[in-house]
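J.:
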Ligand SMILES: Nc1ncnc2c1ncn2[C@@H]1O[C@H](COP(=O)(O)OP(=O)(O)OP(=O)(O)O)[C@@H](O)[C@H]1O
Ligand SMILES: N[C@@H](Cc1ccc(O)cc1)C(=O)O
């Protein structure tokens, strides 16, 4: 079991504290949560033994976009599980490999990225990773379990920028066999295609293989984690290190997160759900997980949260007894948002969700101006000077909600106007604070079913 229950006797008498925690070191048990797809070479007693001691694990991310996405998050989840089990983790940002382009899973050559963009992306992705590890430690990891080994961030540009091509080819290059390189799926699927594969992308596996050698020599890093599309590159590194007669190394792959149509969620497919808040806001991330299919929520709780399998079973039981409660979806959305955006991000996502779904004026009043814009995206924003004795009719005409006063009167009388989520049929009412104007100085007007106006009152 991935979770072991430690029975801690806390006093000589009867006080028994039961703590649920992940077992130290046996990362192979992640299999039971569906997090492991393959282990290479396959699990053996020697591997089990190795994993009972602290080890070093790395995973790489190419900065080919200005954010990580939730597919990459599953790799980070696996790294966090390793960290929780007492291992050292290294997140490698591929500042060099991003310029080469990984052919894995790609049906055509990548468009070369300007070095400047790669540098900018490197910074943002570094921030994404740091934030997630910090949030995990701050909000999810129980402090009484002891300290975690901080994640190390490295950039492979740091070692490739200082190595000459002749030196590289005459040393590392000699250990790569072209026959083996040609046999990789990523190469095979491209070599017979119309556009073929460039030497640049063909050589990608050499660089990823060399990265591992570098991390093994520098940090004794014997484990590499990647999505299942990375197996070919992982095997390249394994072959390089074996040929050099060094310690045995191991690759762990995780399943790919896909959309309903079965395509990998990611940058290339253009269907990514991002980690950077300006690209996918905390509210949008929260809603993405609130909307997953009922049939998938249990598996996603195992993949994307650190809840124990017992806790997940209890949650699922509650959900089955009362499906409309969506407790499983809510737990999933909360835990992922907390990990990615921290407590403030989660609070913001929950405030917006409440404002949209509870339809109460109170929940609107709690929104910050930026959240209000996000909640009612597409709403017309109007600034109006607040004058004494302004009526409902004055307000809607100043905000240009209607073409003329006759339309306004007719539609309001027929029930087509809502102010702060409450229907208003009397256009002669004088605006009052609290009812028409929220304490945050804002009025939300809805005309008909979907035309929103946000009025910011100026005094
Ligand atoms: N949808 C996904 N599910 C699981 N793992 C993923 C997913 N997308 C990417 N990964 C993994 O994240 C790691 C870093 O991937 P990277 O950011 O370099 O490329 P990518 O997101 O796959 O982008 P691209 O679509 O350009 O190939 C790799 O191990 C990759 O396998
Ligand atoms: N090739 C990986 C990223 C990576 C880069 C360098 C490495 O050493 C490891 C992994 C990907 O595109 O998904």
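In my numbering, the protein residues as written are 49 to 507. Idealized CB from N, CA, C, for every residue including glycine.
Leaving out five residues on either side along the sequence, give the residues of the same chain with a beta carbon under 7 Å from the beta carbon of residue 223.
T.: Closer than 7 Å at Cβ, skipping near neighbours: 288, 291, 292.
J.: Report the rounded CA-to-CA distance for residue 384 versus residue 351, giving the unit in angstroms.
T.: Their backbone Cα atoms lie some 10 Å apart in a straight line.
J.: With a cut-off of 8 Å on the beta carbons, I'd call residue 478 and residue 437 a contact; round off their distance for me.
T.: So it is a contact: roughly 6 Å between Cβ atoms.
J.: Between the C-alpha atoms of residue 320 and residue 441, what's the straight-line distance to the nearest angstrom?
T.: Near 44 Å, if we compare the C-alpha coordinates of residue 441 and residue 320.
J.: In its own chain, which residues sit with a C-beta less than 6 Å from the C-beta of residue 207, not counting the 5 before and 5 after it?
T.: Around residue 207: 262.
J.: What residue range does the alpha helix (DSSP H) around residue 86 cover?
T.: Per DSSP, residue 86 belongs to no alpha helix (DSSP H); it is in the beta strand (DSSP E), 86–88.
J.: Touch check for the stretch 172–188 and the stretch 236–243: three-plus C-beta pairs under 8 Å?
T.: Result no; under three Cβ-Cβ pairs closer than 8 Å.
J.: Keeping to the same chain, check which residues put their C-beta closer than 8 Å to that of residue 81; ignore five residues upstream and five downstream.
T.: Hits under 8 Å: 50, 350, 351, 357.
J.: Go to residue 292, then tell me how far its beta strand (DSSP E) extends in each direction, as first and last residue.
T.: Note, residue 292: premise wrong, no beta strand (DSSP E); not H, not E.
J.: Classify residue 117: buried if its beta carbon has 16 or more other beta carbons within 10 angstroms, exposed otherwise.
T.: Counting Cβ neighbours within 10 Å, residue 117 comes out buried, since at least 16 surround it.
J.: Give me the residue from 99, 128, 166 with the minimum Cα distance to residue 111.
T.: Cα-wise, what sits closest to residue 111 is 166.
J.: Any heavy atom of ligand 2 closer than 8 Å to the beta-carbon of residue 169?
T.: Checking the Cβ of residue 169 against ligand 2 gives no.
J.: Return yes when the Cβ of residue 439 is within less than 9 Å of the Cβ of residue 416, no when it is not.
T.: Cβ distance not < 9 Å, so residue 416 and residue 439 don't count as in contact.
J.: Within a Cβ cutoff of 8 Å, which residues of the same chain sit near residue 331, ignoring the five residues on either side of it in sequence?
T.: Answer for residue 331: 396, 397, 400, 401, 419, 422, 423, listed in chain order.
J.: Assign residue 392 to buried or exposed, taking buried as 16 or more other Cβ atoms, counted over all protein chains shown, within 10 Å of its Cβ.
T.: With fewer than 16 other Cβ atoms within 10 Å, it is exposed.
J.: On a Cα-Cα basis, can you pick out the residue from 255, 227, 193, 236 that is closest to residue 219?
T.: Residue 255 is the option with its Cα nearest to residue 219.
J.: State the CB to CB distance for the pair residue 204 and residue 142, rounded to an integer number of angstroms; the pair is presumed to be in contact (CB under 8 Å).
T.: Correct: roughly 6 Å between the Cβ atoms.
J.: Buried or exposed: residue 444, going by 16 or more other Cβ atoms within 10 Å of its Cβ?
T.: So residue 444 counts as buried.
J.: Verify the contact flag: residue 281, CB atom, against every heavy atom of ligand 2, threshold strictly below 8 Å.
T.: Yes; taking the cut-off as 8 Å, the Cβ of residue 281 has a heavy atom of ligand 2 nearer than that.
J.: So residue 471 packs on residue 490, CB below 8 Å; how close in whole Å?
T.: Between residue 490 and residue 471 the Cβ distance is about 18 Å, and since that is not below 8 Å, they are no contact.
J.: What did DSSP end up calling residue 397 once you bin it into helix, strand or coil?
T.: Correct three-state label for residue 397: helix.
J.: Per DSSP, residue 491 forms a beta bridge with which residues?
T.: According to DSSP, residue 491 bridges with 503.
J.: If you reduce the DSSP assignment to three classes, tell me which class residue 420 lands in.
T.: In this structure, residue 420 counts as helix in the three-state DSSP scheme.
J.: Residue 351 by DSSP, collapsed to three states: which one?
T.: Helix at residue 351.
J.: CB of residue 304 to nearest heavy atom of ligand 2: below 8 Å?
T.: No, the Cβ of residue 304 stays beyond 8 Å of every heavy atom of ligand 2.
J.: Taking only heavy atoms of ligand 2 into account, decide whether any of them is closer than 8 Å to the Cβ of residue 275.
T.: Yes, ligand 2 has a heavy atom inside 8 Å of this Cβ.
J.: According to DSSP, simplified to helix, strand and coil, what is residue 203?
T.: If DSSP states are grouped into helix, strand and coil, residue 203 belongs with the strands.
J.: Is residue 116 near ligand 2, with its Cβ less than 8 Å from a heavy atom?
T.: Flag unset: Cβ of residue 116 not near ligand 2.
J.: Quick one: does the C-beta of residue 123 sit closer than 8 Å to a heavy atom of ligand 3?
T.: What this structure holds is ligand 1 and ligand 2, not ligand 3.
J.: Could you work out which residue in 303, 353, 394, 114 is closest to residue 315 when comparing CA atoms only?
T.: Looking at the Cα atoms, 114 is the closest of the given residues.
J.: Could you name the residues that DSSP lists as bridge partners for residue 139?
T.: Beta-bridge pairing links residue 139 to 107, 201.
J.: Give a yes or no on whether the C-beta atoms belonging to residue 236 and residue 284 are separated by under 9 Å.
T.: No, they are not a contact pair.
J.: For ligand 2, is there any heavy atom lying closer than 8 Å to the beta carbon of residue 140?
T.: Under cutoff, so the answer is yes.
J.: So, using beta-carbon positions, are residue 146 and residue 170 closer together than 9 Å?
T.: For residue 146 and residue 170, yes; Cβs fall inside 9 Å.
J.: Taking the alpha-carbon positions, what's the residue 152 to residue 278 distance?
T.: In a straight line, the C-alpha of residue 152 is about 7 Å away from that of residue 278.
J.: Name the DSSP beta bridge partners of residue 446, please?
T.: The partner list for residue 446 (beta bridge, DSSP) is empty, contrary to what the question assumes.
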